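*Asks:* Encoded as C-alpha cells, here's the structure I'll be asking about.
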Amino acid sequence: MLWWTALFTLLASSAQAQTVVSGSITSHQTWTAAQSPYLLQGDVVLDNNALLSIQPGVTVRMAQGASFTLKQGALQAVGTAAAPIVITSDAATPAPGDWRQWRFGPGTDDARTLLEHVVIEYGAGLAIESASPVLRHTELRHHSGPAVQMDLASSPTGTGNRAHGNALNAIAVPAGTIRGQVVWGLVGIPYLVQEGLVQVGQAPLSLEPARLRLSPGVVALLRASLAQPAGGAGVVLDVASSVPSVASTASRVTIGAGQSGGDIEVQASALGSTRITLSHAQLGMAETLVEVVQLPPLSLAPGRPTLGVGRPYPMSLSLPSPAPAGGATVQLLNTDASVLAAPSSVVVPAGQRSARFEVTGLADGQSRLSARAQGFADAMAMLTVRGKALVLPASIVVAPGGSAEVLLHATEPAPAGGLQVSLSSSNTAAAQAPASTSIAAGQSSGQFTLQGVALGTAQLTASAAGYQPASGTVLVDAIAIQAEPSGDITTNEGLERTLRVLLSKAAPPGGIAIAASSSAPAVASVSPAELLVPEGQVYASQPLTIQALSAGQTNIALSAPGLVGKNVQLTVREGASLRLKPYRGSKVVAGKGMRSYHGGSDSDLSVQRIVNGSVSSGADAVTVKLRCVNVQVCTVPETVTIPAGHSQAVVPVTGVDVGSTQIEATADGYTASTPAEMETVLPEVVFNSLDGNRTTSSVRDGFSISLRVPGAVWPDHAALVEAASIQLDLVDQTPAGVVNGFYSAATGGNLITQLTIAKGHRSSTTAYIAQPALAGSYRVQADVAGITSGQSAVQTVAAAEQALQLKPYRGSKVVAGKGMRSYHGGSDSDLSVQRIVNGSVSSGADAVTVKLRCVNAQVCTVPETVTIPAGYSQVAVPVTGVDVGSTHIEATAEGYTASTPVEMETVLPQVLFHSLDGNRTTSSVRDGFSISLRVPGAVWPDSASLVEAASIQLDLVEQTPAGVVNGIYSAATDGNLITQLTIAAGHRSSGSAYIAQPALAGSYRVQADVAGITSGQSAVQTVTAAEQTLRLSPYRGSKVVVGKGMQLYHWGSDGELRVQRIINGSVSSGADAVTVKLRCVNAQVCTVPEAVTIPAGQSQVAVPVTGVDVGSTQIEATAVGFGPGVVTMETIAPRLIITNVPATLAAGASRHLYARAQVPGAVWPDSQTPAAALTLSWTSAVPSVGTVTASVSWNAGAGQSQAATFQGIAPGATTVTVSAPGFVPATSAAIQVTTP
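Put into C-alpha cells, the structure is as follows:
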C-alpha cells in the first residue's frame, strides 16, 4: 500500500501548492516559483500604484473567462530563456479563447513595466491602451483574436517577440488619427491596420467615425472637426449622401467662430450603404461609410458624459439579448486616443446582457466611442474631457410654476471643506436658481433646485474657484415623454418589440437624454439604456428595443429631469410556436370536392399557439401562413388569423383529388409547425331515412342523400365546395314494378330523377319513393356528378295485414276520475288507438275512422269515433269517468282486425289543499289556499279535468277550542265571508280563499265537499300564541356607520338599517300595522324619526339615520305589545371623492368635475347623501396651468354635488382639491394640460 500513500501525498502536495488569485491587487506582490502555479479567477485588477513582480519559471493559469488588467501600477514579469514565465489556460484541454485579455491601461507605469521571456497562450491576446510597456522575447500563441490589440496613443517597444497560431498573428491597429508623438517599436510581430486609414497628425478636415452601422429609423450624429478653430465668420461645410434613400443628412453644417467642430445629424432610412461626404474648397474633404442594416443595436451608456483628466469613468455596454456561450466580444473604436483612453474591446460574459468598463480622460477635448460587433448595429457615445471643471446638463427642462432637481458634477472631487459653487440665471423671469450650492468634500456631485417661473429660456451658469465654469440652457416649458405605440404592451417570451420614443415638444438646445429602464430586467431588457432626442427634434435618435426574456410583468420607465415621464406596462407571456393539430389522431382526411369541418374548437384541423409547450392564449393576433404541399391533392387558405386573446384558429381543408400530402404553417416570430399529414378520399353516399321494410299500404318513403368522409374526425360534417346534382334510379326491382318512381312531395307532387346538394352543404333535399304496388324488393342508385356514387341497402315490400290496438300510455288499464276526462293532449295521452301493420305500429297511406264503445256506459263514456289521419300511426282517446266502477273499452274499423278491449276503472278523485300554512300564530295574516282534484292510479293524476263546473262547499271543523278562527274570506284583506269555491269546466283547480286571522291558540281542519263528486279534509292546522318583539337589524354586520351630516341609505329591502317584527323568534309578517317609536340615545351623535310604521302584512321597515357629530351611541326601538330593540351606531367624518377627472386636457378646454361622499365602514359607503345642503370649496394646485370653480352647492339628498368646471390654461401639470367642513378633503390625480 506504500504506492497509494505516496500518490495521495503527491496529489495533496500539488493541490496545496496552487495559489488562487482574484479581485484587486493593491499592494506590492512577488509571485515565486515556489508558490507556482498561480490560478487567476474572474477579473483580476492591478491598482493603487502597486508593483507585481513575477519570477522566472512561474506558471500563471487563467480560469475560464478570467482576465488581468493593469489599471494603475507596474508589472515586471521577467523570466529567462531556460525558465520562461508561462501564462496559459487552466483547462484540461486548452483551446484559443479560454480566457480573456491581459490589458495594459493608461495607468500603466511605463518606465517600470517589462515582460521578458514570457509565453502567453490560449486566451484572447494582449490589449495595450494609452500605455507603453516593454515586451522582449515574448511569445504569443493560440489566441482567439489578434496577438496584440493597440490604440493610436500607445508606444510599446521591445525586440525578439513572436506570434503564431493566433486568429491574427499581428498587432491590430484601428483606423483613425494619431494626434501626438507615438512609437511603434515592437519588433518581431507585424503591425496591421485591418480596415480604414491611419492618419498622422490632424487633417485640415475630418469626419468621425470613419464607419458606422445603423438600423433603419435611427438618427446618429457624426462629428466634423477642423485642425484649427474657425475664424470670425465661421466655416460652412458642404455635406452630401451618395444614396439619400439609405441615409440622409443636411446639405450644410456651420462651425461657429472659435469652434473646432460641429455635429452632423444622419437619418437612417432603408437597408443599404451610403457615403456621407464632407467638403470645403480650401480644407479638402472627408467621408464616413454608413451601412444601414436590419440588426439589433448595441448600447453605450451614458451617451454624452463629461469626465475629468486622469479620472477613470465607469460606462456600460449592453446587448439586446444574452451573450452566447463563450461570451460576446465587442470592439470599441476611440476616435481620439490623445483625449480619451478606452479599452479596445469589451467582453460580455455568457448569459449576460451587459458589461461595465472604464474610460480615462487624458486631455481636454472630445472623442467618440463606437461599439461594434458582428451581427449588431453600432452604438456611439460622445465623451467630453475637461480638466478640473464643473459640468451642468447641456439642457434643463422645468415646467412653469414647477421645479426640477439639477445635478451638478465636478470632474475632480471637491477639496477639503467642500466646494462652494455660484449659480446664476440669465433670465430670472423664466427660471430662478439659488445664488449658490455646494459639493461636499471628496464628492464629485451635488444637487440644487431650479424654479420654473414662466414660459421662456435662460442660460444657467455655475462657477467655482479653481474649476472651469459650466453652463446649460434652461427651457421653461411643460414637455412630456411619449411613446408609440402609446398603450401597454403584451408580447411573448423570446420576441422583440420596439418603441418610438418622442417628446410632446421639440427638444431644447443641447438635446434631451432620456433614461430607459426595466423594473424587472429578468422579465424584459431595454436597449439602449439612454436615448438622445437631438436639439430641435421630437423623436429619439433611435427606437427603444425591448427584449422579452421570461414570463412576467415589468414597468418600462422613460424619464428625464424636468420632463413628465412615461411608464409602459409590459406583460411577457411564455415563448411561442405553432402546432397544426388534428382534433383526433395524427392525420387530416378530406373528401374529394369537400371542405373539412371547421366550425369551432372541435374542427378537423386547427393551428394552435404553443407557449412553453402548452396551448395558450396570446395578447396579439397572429397571422399564420398555410400551404398544401401538393395542390393537386388539397388546398388551404393562404392565411388564417389566431385572434388576440385566443389560442387557436380553425383551418378549413379542401380535398381536390384522391391522394396524400402535407400541410405547413408558419408565422413571423413563431417556430414553424411540424407539417400535418393529409389525405383526400372518395366520399361515401349515405341514404337517410329509407324505411328498409315497407308494405303495400305504406305511405311514400321520404329520404335524403348525404355525403360522408370515411376516416375523418367528423365524417358527417364536411361540406361541398360547389353545388352537385345527384342522378337517382330504382334498380334491382324484383319483380318488376314494385315501385313506379320518385316524387317531389309526400303527397301529390311530380315524378323526379334528380336531387341537389347545395354549395356549403353535405345533404340533399328530400325525395319520396312511391307507395309500393306489389310485394317484392328494390335498391336506390345515386350518382353524385364528378365526385362519387353509391347504392342503398335492399328495400323489402310485404303484403299489408292491418289491425287496431288500444294502448294505455303506461300499464294495462285506464283510470279516470268520476266527473273528469282523462288527459288526451298528445302522444303521451292516457289512452291511444294505434294502427298495426304486419304486427308493428305503422303509419298508413290512408286515414282510418275508428269506432269506440265503453261497454258499461254507467262507468265511462268515450267519443263514438276518432280518426287516425293519413300518414299517422295513432290518435288519442279521451275517456270520461261517469261513476265508480270497472268496465272495458272497444275499438273497431272497417278492414282492420278489432283491438283487444282495454280495461278501464273510474275512481273518486282526491281533494288536495294547496298553500295552507300548517302552523300559524294569533298575529298571522289570513291564510290563502286553493283546492285541486287528483285522480289516483291515473298515468297523469294531476292532468285530468272536470267535464262540468263543480261547486265546493267549505267548512272549518274540529276547532279546538271553539272559535280559533271565525271563517273563510274572499280576499287577503277586507272581502266577504264565503262558504264556497268553484272549479270551472275543463279545469282541475279552484281559485283562492283566505282563512281568517286566528283569534285563539288551538287547532282546526278545513272541510271541502265537491258537489256530486268527492270530499276531503285538510291536515290539522296549528295556531300558537304570538310572542312579539322588535329587532333593529343592520343590513350587514352588527353596527350602523353614518357620515357626519349624512343620511343613511334607507331605500328598499337593502336599506342599511331595518326595524323588524319578530314573532316567536322569527322575522314574520303580521296582520296589523305596528307603530315603532325610535330614539337616538345621544342626540349629539345621531338623529332618527320619532316613529316609523311596519305596515300590516309586512315584516319590516327601513330606518333613516342622520349623523350629527363624530362619536358612538345606540338607537332604541319600542312599540306597544312588543319587546324593545337596540343597535350600536357610529358617526364618522365622511371622505370626499372627486369624479370625472381627466388625465389630460388641452389648454382652452374644460371639464365638469363632481364630488361625492364615501363613508368607510358603512354597508353602502358610496350611497349616503347630505342631510342638509352643503357648500364645497375647490382649488387648483397650479392655477397658471388650470383653474377650477371656487365653490359649488351640494343639495340635500343628492348623490353628488353640482358640477365644478376645470379650465385648462397652459401646458403643464396640476391637481384639484375639494373640501367642506366636517369632511376629509380629496385631491385628484395629476391633470396634464397639453398644447391644443
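Taking the numbering used here, the leading residue of the sequence shown gets 3, the next gets one more, and so forth. We put the CB at the ideal spot given by N, CA and C, even for glycine. This structure is a prediction, so every number in the text was calculated from the model and none was measured.
Can you tell which of V941, W101, V949 and A431 has its C-alpha closest to the C-alpha of D45?
*Replies:* W101
*Asks:* Check whether the Cβ atoms of D885 and T908 lie closer than 8 Å to each other.
*Replies:* Here D885 is near T908, since their CB atoms are less than 8 Å apart.
*Asks:* For R114, which three-state DSSP category applies?
*Replies:* helix
*Asks:* Between which two residues does the beta strand (DSSP E) carrying E407 extend?
*Replies:* S405 to A412
*Asks:* Look up Q1100 in the DSSP assignment and say whether it is helix, strand or coil.
*Replies:* coil
*Asks:* Can you tell me whether H600 is buried or exposed? The criterion is at least 16 other CB atoms within 10 Å of its CB, across all chains shown.
*Replies:* buried
*Asks:* Could you spell out the range, first to last residue, of the beta strand (DSSP E) harbouring W716?
*Replies:* Unbroken run through W716: none, as it is neither H nor E.
*Asks:* According to DSSP, is A36 helix, strand or coil?
*Replies:* helix
*Asks:* Go ahead and pull the three-state DSSP assignment for Q31.
*Replies:* strand
*Asks:* Under a Cβ-count criterion, where at least 16 other Cβ atoms within 10 Å of its own Cβ denotes burial, should N494 be classed as buried or exposed?
*Replies:* buried
*Asks:* Since W186 sits in a beta bridge, which residues does DSSP pair it with?
*Replies:* DSSP, once it has assigned bridges, lists no residue as partnering W186.
*Asks:* Taking DSSP as the reference, what is the three-state secondary structure of L12?
*Replies:* Any reading at L12 needs caution, since the residue's pLDDT is 33, under 50, leaving its predicted position unreliable; the model's value is listed next. Three-state DSSP puts L12 in a helix.
*Asks:* Can at least three beta-carbon pairs, one atom from the stretch 762-769 and one from the stretch 787-801, be found at a separation below 8 Å?
*Replies:* Taking a contact to require three or more Cβ pairs closer than 8 Å, the stretch 762-769 and the stretch 787-801 do not qualify as touching.
*Asks:* Note down, in chain order, each residue of its chain lying with its Cβ closer than 6 Å to the Cβ of T115, except the 5 sequence neighbours on either side.
*Replies:* Hits under 6 Å: A76, L77 and P135.
*Asks:* Contact between the stretch 712-719 and the stretch 748-759: three or more CB pairs below 8 Å?
*Replies:* no
*Asks:* When the Cα atoms are used, what is the spatial distance from E905 to Q982?
*Replies:* Between the alpha carbons of E905 and Q982 lies a distance of about 36 Å.
*Asks:* From V423, L425, Q571 and L170, pick the residue whose C-alpha is nearest to that of T492; which is it?
*Replies:* Q571
*Asks:* Are the stretch 181-196 and the stretch 260-271 touching by the rule of at least three beta carbon pairs closer than 8 Å?
*Replies:* no
*Asks:* So is V617 buried or exposed if we call it buried at 16+ other beta carbons inside 10 Å?
*Replies:* exposed
*Asks:* Of all the options L1147, D112, G377 and S608, which has the alpha carbon lying nearest to the alpha carbon of G1214?
*Replies:* L1147
*Asks:* From S529 to P523, what distance separates their C-alpha atoms?
*Replies:* 11 Å
*Asks:* Can at least three beta-carbon pairs, one atom from the stretch 445-460 and one from the stretch 343-354, be found at a separation below 8 Å?
*Replies:* no
*Asks:* Alpha carbon to alpha carbon, what distance is there between L776 and G694?
*Replies:* 15 Å
*Asks:* For L214 and V292, which I take to be in contact (beta-carbon distance under 8 Å), what is that distance rounded to the nearest angstrom?
*Replies:* 5 Å
*Asks:* With DSSP collapsed to three states, give me the class of I173.
*Replies:* Three-state result, I173: strand.
*Asks:* Just checking my contact of A531 with S320 at CB under 8 Å: how many whole Å lie between their CB atoms?
*Replies:* 6 Å
*Asks:* Whole angstroms is fine: what's the gap from L757's alpha carbon to L914's?
*Replies:* 59 Å
*Asks:* What span of residues does the beta strand (DSSP E) with Q610 cover, start to end?
*Replies:* L607 to V613
*Asks:* Check whether the Cβ of S356 sits closer than 7 Å to any heavy atom of the ligand MG, and report yes or no.
*Replies:* The ligand content of the structure shown is nil, which means the ligand MG is not present either.
*Asks:* Who are A1206's beta bridge partners in DSSP?
*Replies:* In the DSSP output, where bridge partners are listed per residue, A1206 has L1155.
*Asks:* So is V1122 buried or exposed if we call it buried at 16+ other beta carbons inside 10 Å?
*Replies:* exposed
*Asks:* Compute the distance between the beta-carbons of G846 and A872, then report whether it is under 8 Å.
*Replies:* yes
*Asks:* Checking 8 Å against the spacing of the C-beta atoms, do A2 and A460 come in under that value?
*Replies:* In this structure the chain extends from 3 to 1238, so residue 2 is not present and cannot be described.
*Asks:* So the candidates are Y193, L371, S746 and Q284; which of them puts its Cα closest to the Cα of S318?
*Replies:* L371
*Asks:* What's the call for S947, buried or exposed, on a 16-neighbour Cβ count within 10 Å?
*Replies:* buried
*Asks:* Using alpha carbons as the reference points, say which of A482, G778 and T179 lies closest to G567.
*Replies:* A482
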